[in-house]
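Going down the list, the protein sequences come from chains A and B.
In case it helps, the numbering used here puts the first sequence at residues 1 to 395.
In case it helps, the numbering used here puts the second sequence at residues 1 to 320.
Note that CB positions come from ideal geometry on N, CA and C, so glycine has one too.
This one's a predicted model, so the numbers in the text were calculated from it and none came from an experiment.
This report concerns only the one structure given below.
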Amino acid sequence: MARVRLENITKRYGDETAVDDISLEVEDGEFVTFVGPSGCGKSTTMETVAGLTEPTEGRVYIGDDDVTGLAPKDRGVAMVFQNIALFPHMDVYENISFGLRLRKYDDEEVRRRVEEAADIVQLEGMLDRMPAEMSGGQQQRVGIARAIVRNPDVFLMDEPLANLDAKLRVHMRTELQRLHRELDATVIYVTHDQAEAMTMSNRIAVLNDGKLQQIAPPLVCYNEPTNLFVAGFIGSPSMNFVEGTLVEGGLETNNFTIGLDPGRLSGVSIGDDVTLGVRPEDVHLTQYADSLAAPTDPIDARTDVLEPMGDEVFVYLLLSEAAEGSMDQDPATSPNQLLMSVTPDTEIEANEDVDVVLDRSKIHLFDTATGDALLHGLTDRSEREPGTTPTEADS
Amino acid sequence: MTTHDTTETTESAVDPSEEGIDWQTKLRYFLNSDFVRSSPYWGIPFIIMGIAVYGGIGYNLAISFTDYAGIARPSFSSLDLEMYRRALADESFRAAAFQNFVLLVGFTSISLGLGLFLAVLLDYGIRYKETIQTIYLLPMALSFVVTAQLWLWMYSPGNGVLNIFVTALGFDSIDWLGDPRIALAAVIFALVWQFSGYAMVVFLAGLQSLPDDQFEAAKVDGASTTKTYVRIIVPQLKQASVGAAVVLMLFALKAFDFLYAITGNYRPPNGTDILATLMVREAFQYGQWAYGAAIATMLLLLSLAVIAPYLIFQHRQGSL
């Protein structure tokens, strides 16, 4: 096992910059997920680690060695692919052992290692099957066994679960976590699915437009996103954003005002545009908000659409009459809508006038112009300035 | 209504759907059935195909059992296998069959090999792929007679371009098509020139349908480019290879027009006679209709033998 270090990795295709100056370090035995929307450069970044893509600038280190110019086979990496990429004309045994046989290991050694790998991913008794005779989940296990068998320093997984159905994906998620623990392996995992990233990783690296936005443990990304992009990308459903203006004594938006001391925000001054972010679970009906230590003043709203999910209900709130007729707008970005999550036993109906409050300790403020986070939590007690928590992006 | 009365008395004994309805009703049902109503659509091609193809094959087979020759009318009074016996005993038939076999194996395997090689080169990423693809396919667009004429000129013993090179290098000029030892090889070379582009396009389509992941997986596993193609990629082109091979082999069996043009009409070709040219010569030059028909029948059986493995392969794949 080994750590992986990327130093100022940039990859350009003609005029297109796919990866823009990414530096990060993955510790020995760590599970790090690259997450971001499609086209954000996460796969390209991984390919520079695998050696399938040569970076235009920057260096890749595995362990203490600079591997930037080395062929994939000389890097001690193994990869699991989105399309699984089993060789259809070979049976499972031949697929798993292909890399070993190329390296001319003796037959007994090959058989021992293949059986061991098959054992780890629970493929016993299936070694003589052809890939076409197996289910998607079994095929992906073969893909993983093919990686394990080579005993690599680093596992690279490029959306390995993307082609599996939803139920199997959740199951394989836990399998991969178990595998990570068993092998004590360094894993770099690429996905566009933030739920996968949240559940499996030691740390998440959020990418957008080829740039590293934040690299931090999942809950830090969730609770203290460094900017608007991370705040909107991590968490499902997405965080509510309400644009406002900083005034004397608070933040004024179209429909409500939040009291705060503008002096606590560095980098912005009175009159600047500031975006308020609050997650759906931190919006509460006033009558259920007694337990909140620091609620905001009540905000008038009308319920629009209810989405019962079983364990919770999503309530779309309209903050003003103007919001009606703009139903097609994403509530996360519409200034006059809020998404609220309530428990299923809450008495609430569509088209009902309600009062809601926001949990001040869970309010995030962002500089609208730059997107950078200004403050996480408006209460004095739990107030946390961004930058005071150690994140990889800052160091 | 008397018929109705009689049927009624026997109704209990027989199936009512068969016997209980009079023949006019049955006829009306029959005329209204999908089978009859759709007949103008399938009937016309069915009849044309039946007469032109299967009728022709049948008549050819019938003639091959007679002694039909010259300008007399064929007599179907005594049918036997004499013509087939004659063919198998005929030295020129055996030579033609052997040369046909050499042409079939040589032409097919060289075209496939060259086509695969070109396809792999293209797939590996030579730029201007579109142009190159067109260049290799262009020979296919030419008529065989044109190709044959071109090669006839190039192979010309006096002033052909090949002999200009040969003599410039200090060798004696070679009679490419006149020398029985090399004539067949020269013909195969010309045919490969025309058909390797076809094989290449078939293989290229197969190669391009393989996902990039396969290449990347092999690369991460440590396979060199050569090993990747030999062990991973080419084995997956089985389907494409079989399809291309069948087309090429069938062409090799009946490459009549090319040889007819390149060796000059009915002149007995020197070392390049194949079953198709022999058949045409026997029939249309010597008037040996029955003998020609027997050769044609054997050629048909050989063609079917070539297709049969392909059909079985397709059937096993579940696409037939």
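Query: Neighbour list for Asn83/A in chain B, Cβ cutoff strictly below 8 Å; Result: Pro211, Asp213
Query: The beta strand (DSSP E) enclosing Phe155/A, as first and last residue numbers; Result: 154 to 158
Query: Short CB-CB distance (under 8 Å) between Met198/A and chain B; Result: no
Query: Coil, strand or helix - Pro344/A by DSSP; Result: coil
Query: For Pro157/B, the nearest candidate out of Asp179/B, Val220/B, Leu299/B (CA to CA); Result: Asp179/B
Query: Ala197/A beta carbon less than 8 Å from that of Val35/A; Result: yes
Query: Member of Asp175/B, Leu112/B, Met279/B whose CA lies at the smallest distance from the CA of Ala95/B; Result: Met279/B
Query: Host beta strand (DSSP E) of Met79/A (start-end); Result: 77 to 80
Query: CB contact below 8 Å: Ile232/B versus chain A; Result: yes
Query: Limits of the beta strand (DSSP E) - the one that Asn240/A falls within; Result: 240 to 247
Query: Cutoff 8 Å; reference Val4/A; Cβ partners in own chain excluding five residues on either side; Result: Glu25, Val26, Val49, Val60, Tyr61, Ile62, Val154, Thr186, Ile188
Query: Helix, strand or coil at Glu27/A [DSSP, three-state]; Result: coil
Query: Contact set for Leu318/A: own chain, Cβ-Cβ below 7 Å, skip 5 residues either direction; Result: Ala301, Arg302, Asp304, Glu324, Asn336, Gln337
Query: Chain A contact for Gly222/B (CB, 8 Å cutoff); Result: yes
Query: Tyr403/A - DSSP class collapsed to helix/strand/coil; Result: Beyond the ends of chain A as shown, which are 1 and 395, falls residue 403/A; an answer cannot be given.
Query: Simplified DSSP state of Asn32/B, which is helix, strand or coil; Result: helix
Query: Proximal residues of chain B, C-beta to C-beta of Gly99/A below 7 Å; Result: Asp221, Gly222
Query: Under the three-state DSSP convention, the category Arg127/B falls into; Result: For Arg127/B, the predicted model reports a pLDDT of 49, less than 50, meaning its position is unreliable and no value from the coordinates is stated.
Query: Below-8 Å beta-carbon distance, Met79/A vs any chain B residue; Result: yes
Query: C-alpha gap between Leu207/B and Gly99/A, whole angstroms; Result: 22 Å
Query: Nearest-angstrom Cα separation, counted from Leu250/B out to Ile63/B; Result: 24 Å
Query: Per DSSP, cross-strand counterpart(s) of Phe366/A; Result: Thr275/A, Ala373/A
Query: Own chain residues within Cβ distance below 7 Å of Glu399/A, not counting five before or after; Result: What the structure shows of chain A is the stretch from 1 to 395, and residue 399/A is not part of that stretch, so it cannot be assessed.
Query: CB contact below 8 Å: Leu102/A versus chain B; Result: yes
Query: Segment limits, alpha helix (DSSP H) that includes Gln314/B; Result: 289 to 317
Query: Proximity of Ser361/A and Ala294/A at Cβ, strictly below 8 Å; Result: yes
Query: Chain B within 8 Å of Phe87/A, Cβ atoms only; Result: yes
Query: Gln317/B versus Pro235/B: straight-line alpha-carbon distance, rounded; Result: 16 Å
Query: Whole runs of the alpha helix (DSSP H) within the stretch 20 to 102 of chain B, excluding any shorter than 4 residues; Result: 23 to 32, 34 to 37, 39 to 49, 56 to 64, 82 to 89
Query: Cβ of Pro235/B within 8 Å of any chain A Cβ; Result: yes
Query: Three-state secondary structure (DSSP) of Gly178/B; Result: coil
Query: Proximity test, Cβ basis, 8 Å: Glu216/B and chain A; Result: yes
Query: N-terminal and C-terminal residue of the beta strand (DSSP E) that Asp355/A is part of; Result: 353 to 358
Query: Chain B contact residues for Leu127/A, given Cβ-Cβ distances below 7 Å; Result: Per Cβ cutoff of 7 Å: no residues; Leu127/A is ~17 Å from chain B at best.
Query: Interface flag, Lys254/B vs chain A, CB-CB below 8 Å; Result: no
Query: Cutoff 8 Å: Lys227/B Cβ touching any chain A Cβ; Result: yes
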